[in-house]
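Written below as structure tokens is the structure these notes are about.
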Amino acid sequence: MKLIECPRDAMQGITRFIPTERKIAYINQLLKVGFDTIDFGSFVSPKAIPQLRDTAEVLANLELEETATKLLAIVANVRGADEAMLHEKITYVGFPLSVSETFQQRNTNKSIAEALQQLAQIQELCQRHNKTLVTYISMGFGNPYNDPWNAETVLTFVEKLDKLQVQIISLSDTIGVSDPANITYLFGSLVPAFEHIEFGAHLHTTPATWREKVAAAYDAGCRRFDGAVRGFGGCPMAKEELVGNMATENLISYFENIGVNLHLNKAAFAAAMEQSGTVFS
Numbered sequence: 001m002k003l004i005e006c007p008r009d010a011m012q013g014i015t016r017f018i019p020t021e022r023k024i025a026y027i028n029q030l031l032k033v034g035f036d037t038i039d040f041g042s043f044v045s046p047k048a049i050p051q052l053r054d055t056a057e058v059l060a061n062l063e064l065e066e067t068a069t070k071l072l073a074i075v076a077n078v079r080g081a082d083e084a085m086l087h088e089k090i091t092y093v094g095f096p097l098s099v100s101e102t103f104q105q106r107n108t109n110k111s112i113a114e115a116l117q118q119l120a121q122i123q124e125l126c127q128r129h130n131k132t133l134v135t136y137i138s139m140g141f142g143n144p145y146n147d148p149w150n151a152e153t154v155l156t157f158v159e160k161l162d163k164l165q166v167q168i169i170s171l172s173d174t175i176g177v178s179d180p181a182n183i184t185y186l187f188g189s190l191v192p193a194f195e196h197i198e199f200g201a202h203l204h205t206t207p208a209t210w211r212e213k214v215a216a217a218y219d220a221g222c223r224r225f226d227g228a229v230r231g232f233g234g235c236p237m238a239k240e241e242l243v244g245n246m247a248t249e250n251l252i253s254y255f256e257n258i259g260v261n262l263h264l265n266k267a268a269f270a271a272a273m274e275q276s277g278t279v280f281s
């Protein structure tokens with residue numbers, strides 16, 4: 001079981017700039033918890049996401065000597081990937097690939113075809129620099145633009161990524177429209193068909209529906225889950241204002257209740273929960 005904590009996703013939509021030193025202190029606290037990976041920042045244009053313009057400075061001040069937690073940074077193009085490659089501390093490079101043409105244009109200013117070309121180049125860079133590409137299939141459970149979507153479309157994208165030897169694919173419920181039925185169908189179809197690929201769940205949710213989504217993904221074979229402390233962050237395009245990131249504390253509670261040992265430092269996590277109030281307030 002892998003838990004991925006995503007302070008980057010929680011922070012990126014906040015208009016007020018969070019001081020760099022506060023980000024560093026918060027992520028350093030998260031590094032003490034024992035998560036498999038922390039999605040800590042992104043190498044994208046500061047014009048696009050001004051909140052994360054200090055990612056390189058944050059990275060330089062992270063305390064990694066006494067943690068097994070790995071770092072993931074998001075990129076949107078080859079230029080960002082080139083920058084990520086310069087940092088040995090980064091293990092994973094994430095790239096958002098959408099099954100919605102409209103969202104791909106809005107999110108990365110590229111068509112899906114162009115994004116796939118970029119992804120292939122980024123994969124080559126990762127292989128050359130001993131990093132692992134994590135591809136997020138965003139709008140993976142539907143979109144608000146009436147762009148064509150069905151589960152078979154997602155399967156087709158996975159086949160394309162498999163040909164590029166992508167090892168980790170995270171299905172992203174960008175606007176919180178997934179339900180137990182389509183979660184079960186997608187993971188239940190993909191996990192056995194592509195046993196050599198690690199599939200993850202990046203599920204946005206309302207407070208009332210998180211449990212059924214986690215249960216459906218887990219029961220269908222998913223063993224990689226993204227979360228954010230207190231459910232901070234989420235997609236502004238979601239129709240329901242209560243839709244946000246999957247709350248990490250809910251994930252922890254669910255898996256502990258079904259007997260999964262996550263090997264986390266609970267005291268460190270409690271401290272991170274408390275610290276998050278000063279970061280996001």
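Residue 1 is where the sequence shown starts when you use the working numbering, and the numbers rise one by one after that.
Cβ coordinates follow ideal geometry from the N, Cα and C atoms, glycine included.
Straight-line spacing of the CA atoms in Pro96 and Ile74 works out to 8 Å. In this structure, Ile27 lies away from Phe17, with their beta-carbon atoms at least 8 Å apart.
Ala181 has its alpha-carbon roughly 39 Å from the corresponding atom of Arg128. Put simply, of Gln51, Leu3, Phe35 the residue whose alpha carbon is nearest the alpha carbon of Thr15 is Gln51.
Going by beta carbons, Gly80 and Val134 fall outside the 8 Å limit. Here the segment 247-260 makes contact with the segment 217-230; the two share three or more CB pairs at distances below 8 Å. Inclusion of Ala201 and Leu171 in the CB contact set at 8 Å is warranted, their separation being smaller than that value. In terms of CA proximity to Gly94, Thr37 leads the group Phe103, Glu66, Thr37, Tyr218. In the three-state scheme derived from DSSP, where H, G and I count as helix and E and B as strand, Thr209 is classed as coil. Annotation: the continuous alpha helix (DSSP H) that includes Leu190 extends over 180-193.
Bridge pairing for Glu249: absent [DSSP].
In this structure, Leu59 and Lys89 form a Cβ contact; the two beta carbons are roughly 6 Å apart against a cut-off of 8 Å. Sixteen is the threshold: since fewer than 16 other Cβ atoms of the shown chains lie within 10 Å of the Cβ of Thr156, the residue is exposed. Under DSSP, Gly140 takes part in a beta bridge, and its partners are Gly142.
Taking the CA atoms as reference points, Asn61 sits about 7 Å from Ile24. Glu5 has its alpha-carbon roughly 27 Å from the corresponding atom of Lys110. Around the C-beta of Ser253, fewer than 16 other C-beta atoms lie within 10 Å, and the residue is accordingly described as exposed. Between Leu119 and Met85 the beta-carbon gap is near 15 Å, outside 8 Å, which marks them as no contact.
Secondary structure of Val260 (DSSP, three-state): coil. Taking a 10 Å sphere around the C-beta of Ala193, we find fewer than 16 other C-beta atoms and assign the residue as exposed. Within the DSSP bridge table, the entry for Lys2 names Arg224 as partners. Short of 7 Å from the beta carbon of Phe255, and not among the five residues preceding or following it, lie these beta carbons of its own chain, in chain order: Met1, Leu262.
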